Amino acid sequence: MNQVNNPSFSNNRLVNWFSLSSPSIFYPVAGKLIPIFWALAVVFGLAGLWVSFFVAPVDAVQGQGYRIIFVHVPASWMSMFLYLVMAAWAGLGLVFNTRLSAMMAQALAPVGAWMAFLSLWTGALWGKPMWGAWWVWDARLTSELILLFLYLGFIALQSSIDDRRRADKAGAILALVGVVNVPIIYFSVKWWNTLHQGASVSLTKAPAMAQTMLWGMLLMALCFWMYSIAVGLMRVRAIILEREAHTDWVRQLSKVKS
Amino acid sequence: MWNSPAEFFAMGGYALYVWGSFGVCALVLLLEPLVVHARFKAIVRRLKQEQLAEQFDKESSQ
Amino acid sequence: MRALLAIIHRDLLLVMRRKSEVLTALFFFVVVTSLFPLGIGADAALLRKIAPGVIWVAALLSTLLGLHRMFAADYQDGALEQLALSPQPMVLLVAGKIIAHWIVCGLPLVVLAPVIGIQFDLDASSLYVMMGTLLLGTPVLSLLGSIGAALTLGVRGGSVLMSLLILPLYIPVLIFGAGAVYANSVGLNTSGHFSMLGALLILALAFVPWVSAAAVKIAIE
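So the sequences go chain by chain: Z, V and S. By the numbering used here, the letter at position 16 of the first sequence is numbered 167, and the numbering carries on one by one without gaps. By the numbering used here, the letter at position 38 of the second sequence is numbered 486, and the numbering carries on one by one without gaps. By the numbering used here, the letter at position 119 of the third sequence is numbered 166, and the numbering carries on one by one without gaps.
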């Protein structure tokens with residue numbers, strides 16, 4: 152009955168999704184989602200750390216030192232994944248001219264940069280005892296370093312252009328150009344003879360590592376992922392307020408009204 | 449698995465590397481949200497001050 | 048096609064009137080590469096080892112020096128907007144500017160490199176390989192550089208920012224270019240390196256003009 156009388160009912164779900172692209176509607180939604188993702192991050196983190204230190208056995212070759220894998224691999228995965236997500240949001244913002252998509256890209260860039268830094272840092276601390284060197288210029292490490300530079304370049308470009316819309320679009324072009332680097336990082340261990348270990352986890356084959364180690368890695372990766380979403384949403388809320396400062400809905404926020 | 453806390457912290461001789469990695473990760477994952485929160489508070493404070501300033505202008509011009 | 052040649056002709060003409068700008072970048076290349084033997088000493092074996100890297104890095108940096116001229120002057124006096132408004136596709140105009148930049152900044156490097164290489168005691172075959180890698184690589188440098196130049200048009204501190212943005216993109220060219228010369232000097236096969244450089248050139252030619260045209264349009268509006 153209601154469906155017949157209310158012509159917009161059948162479009163309701165479609166309209167609801169697109170309305171999220173408006174900063175004023177997304178802002179409170181993000182606010183509600185943040186605690187959920189923090190909770191998930193904590194749960195996965197605790198479970199992951201427990202598996203990493205109390206379930207996963209000692210490694211035959213690397214002793215206890217291999218446990219760095221439980222932060223190194225998640226950070227590396229996230230650095231690549233977040234770059235793709237950031238470039239996707241930036242690209243959407245460029246094509247559809249939506250401000251919020253560009254704001255999401257802007258919010259994710261620092262998280263991704265930290266993940267790239269952590270990947271390089273934990274990698275160096277793992278490489279020193281195992282390879283004897285803090286750093287080698289092999290394909291995977293070099294392209295991960297380039298990824299960090301790309302993140303920093305994106306952040307620098309956005310902060311030096313005063314016109315916000317131009318900054319969004321220019322950043323989008325830079326982010327999209329850099330996407331080519333991510334497959335290079337991923338496949339570098341297959342394409343070149345590198346010092347870095349080859350892929351042990353694949354979507355098609357059985358993993359070449361103990362079950363418990365795999366679980367520890369996956370749980371920590373999920374923790375990092377939930378963390379990235381939580382921090383990204385926190386930052387995008389701050390960015391929304393900064394960029395939409397003079398709109399009515401911001402003035403009407405209970406936080407801001409004195 | 450671990451016979452004593454000392455063994456746990458020693459990590460089979462790799463203590464510097466393992467705790468150096470986990471430690472810096474924990475540091476970044478704790479500090480970054482704090483920095484973002486500080487940024488959020490700063491913009492809210494700025495918006496509040498702007499509203500107060502506008503109200504003051506309105507009242508004093510009446 | 049005529050538009051392309053017209054743009055190249057115009058840019059070259061403008062450069063000829065201000066030869067000093069171009070010569071500065073080339074002079075930079077020569078001076079920087081000469082500083083290394085002076086600073087490190089005359090150990091021929093060491094110089095031969097570092098020559099590929101030093102010459103390639105100097106080529107990168109001197110290309111960067113000349114990049115701001117690609118769009119900045121036209122942007123400042125409004126000629127770039129006029130070019131954008133013309134019926135010719137922006138891609139052609141940008142491609143023309145990139146070609147002109149390469150003729151002025153890249154090609155002289157290819158010609159000068161053997162002279163520099165002799166300073167580093169490189170043998171004849173390595174000199175040929177050096178020229179070949181620069182011949183394939185410098186167009187890629189001009190192409191990728193145009194993206195950075197377009198993105199940072201009119202931005203405060205644009206040239207430093209441009210360097211920060213472009214140098215990560217230059218790294219693969221550097222690795223394969225210098226790697227080829229080094230491989231040749233120790234007697235290894237260089238076909239792999241040249242294939243990669245060729246692939247980079249083809250990919251850059253296929254995509255970059257469109258990306259740079261989009262970036263210029265964003266900067267203008």
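We treat Cβ as the ideally placed atom computed from N, Cα and C, and that holds for glycine. Predicted model, so just to flag it, every value in this text is computed and none were measured.
query                                                                                                                                                                : result
Under three-state DSSP, which class holds G214/Z?                                                                                                                    : strand
Residues of chain V with CB closer than 9 Å to the CB of W265/Z, please, in chain order.                                                                             : V476, L477 and E480
Measure the CB-CB distance between L174/S and G164/S and report whether it falls below 8 Å.                                                                          : yes
Report all residues from its chain with a CB closer than 6 Å to the CB of A225/S; omit the five preceding and five following residues, and keep chain order.         : P99, G100 and W103
Any residues in the segment 304-333 of chain Z with a beta carbon nearer than 7 Å to a beta carbon of chain S? Which ones, in chain order?                           : G304, A307, L308, S311, I312, R317, K320, A321, I324, L325 and V328
With a cut-off of 8 Å on the beta carbons, I'd call V328/Z and I265/S a contact; round off their distance for me.                                                    : Not quite, the Cβ-Cβ distance comes to about 13 Å (not below 8 Å), so this is no contact.
What first and last residue would you give for the alpha helix (DSSP H) that runs through I145/S?                                                                    : M137 to H148
Determine whether the Cβ of L292/Z lies closer than 8 Å to any Cβ atom of chain S.                                                                                   : no
Residues in the same chain with beta-carbon distance under 7 Å from V236/Z, minus the five sequence neighbours each way, listed in chain order, please.              : L259
Mind checking if F504/V is an interface residue toward chain Z, Cβ cutoff 8 Å exclusive?                                                                             : no
Under 8 Å between C-beta atoms, does I187/Z make it to chain V?                                                                                                      : no
Helix, strand or coil: how does DSSP classify Q503/V here?                                                                                                           : helix
Under 8 Å, do A323/Z and G244/Z count as touching if we go by C-beta distance?                                                                                       : yes
Taking F188/Z as the reference, which of K406/Z, A389/Z, M385/Z and I336/Z has the closest Cα?                                                                       : M385/Z
When DSSP labels each residue in this structure, what does A181/Z get in the three-state scheme?                                                                     : helix
Interface residues of chain S around I297/Z at Cβ under 9 Å?                                                                                                         : P215, L216, I218 and P219
Taking the C-alpha atoms as reference points, what is the distance between L464/V and W277/Z?                                                                        : 10 Å
Measuring CB to CB, does Q238/Z end up less than 8 Å from A326/Z?                                                                                                    : Sequence inspection shows Ala at residue 238/Z; the Gln mentioned does not correspond to that position. In this structure, A326/Z lies closer than 8 Å to A238/Z by Cβ.
Below 9 Å between beta carbons is the criterion; list the residues of the segment 171-184 of chain Z that meet it against any residue of chain V, in chain order.    : none
Rank S230/Z, P280/Z and M368/Z by C-alpha distance to the C-alpha of P261/Z and give the top, closest one.                                                           : S230/Z
Near V194/Z, which residues of its chain fall below 7 Å by C-beta distance, leaving aside the five closest residues on each side in sequence?                        : none
Would you check if the distance between the CB atom of V222/Z and the CB atom of M371/Z is smaller than 8 Å?                                                         : yes
Please classify D124/S: does DSSP put it in a helix, a strand, or coil?                                                                                              : helix
Smallest Cα separation from A227/S: which of G204/S, T237/S, I218/S and D90/S?                                                                                       : T237/S
Taking CB distances under 8 Å as the criterion, tell me whether F247/Z reaches chain S.                                                                              : no
Is the shortest distance between the beta-carbon of Y378/Z and the beta-carbons of chain V less than 8 Å?                                                            : yes
Helix, strand or coil for R65/S per DSSP?                                                                                                                            : coil
Is V258/S close to chain Z, meaning its C-beta is less than 8 Å from at least one C-beta of that chain?                                                              : yes
Go ahead and label Q546/V buried or exposed: buried means 16 or more other beta carbons lie within 10 angstroms of its beta carbon, across all protein chains shown. : With chain V covering only 449 through 510, there is no way to say anything about residue 546/V.
Between the alpha carbons of F247/Z and A275/Z, how many angstroms are there, rounded?                                                                               : 41 Å
Beta-carbon of M449/V versus every beta-carbon of chain Z: anything under 8 Å?                                                                                       : yes
W343/Z lies in the alpha helix (DSSP H); which residues open and close that run?                                                                                     : W343/Z -> no alpha helix (DSSP H), and no H or E assigned at all.
Check this for me: beta carbons of L211/S and G263/Z, under 8 Å apart or not?                                                                                        : no
Alpha helix (DSSP H) containing I391/Z: first to last residue?                                                                                                       : Q362 to R394
Taking L251/Z and F177/Z to be in contact with their CB atoms under 8 Å, please state how far apart those CB atoms are, rounded to whole angstroms.                  : 6 Å
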